[in-house]
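>
In the numbering used here, the protein residues as written are 233 to 387.
Here you go:
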């Protein structure tokens, strides 16, 4: 993909929580030469210390968060420097208020925030409101691929 797009496109890799921490380190080291923007959900979030060890052993930033539902889960990741990109799902993380709290904590820890795909038209509106209230997020993760009525665009 990089040969076709050159440096004009960031490569982001999501692994859908399929690896152990040791496998994640081996995988990340194997793709470091391609300079991906981040490696997302390389393992299930069970152990922030294991995620922090992955961060320590690779140069690829780690992303996660779309399945976290409390500010305390995010706080553990931030304080252990276990993540550099954080996806917040407004529908799962306490609405606009809970998501805003996560965004403030992320900013204090120099973690970039992205908004996860909304689950409904009201979720879309909540994401847009949050987007306007936080520092520039990474991306709209699916927001631009939705119709005004909140239904996904077929591509």
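We put the CB at the ideal spot given by N, CA and C, even for glycine.
Quick caveat, the model's predicted, so the values are computed rather than measured.
Does DSSP put residue 243 in a helix, a strand or coil?
In this structure, residue 243 counts as coil in the three-state DSSP scheme.
> Can you list, in chain order, the residues of its chain whose CB lies under 7 Å from that of residue 330, leaving out five sequence neighbours each side?
Excluding positions up to five away in sequence, the list reads 303.
> In whole angstroms, give me the CA-to-CA distance for residue 316 and residue 288.
Approximately 12 Å between the Cα atoms of the pair.
> Find the nearest neighbour of residue 322 within the set 361, 282, 257, judged by alpha-carbon distance.
Nearest option by C-alpha distance: 361.
> Pull up the CB-CB distance for residue 247 and residue 264, whole angstroms please, since I reckon it's below 8 Å.
Incorrect: roughly 15 Å between the Cβ atoms, too far for contact.
> Does DSSP put residue 309 in a helix, in a strand, or in coil?
Of the three classes helix, strand and coil, the one that applies to residue 309 here is helix, per DSSP.
> In whole angstroms, what separates the C-alpha of residue 255 from that of residue 308?
Rounded to whole angstroms, residue 255 to residue 308 spans 22 Å at the Cα level.
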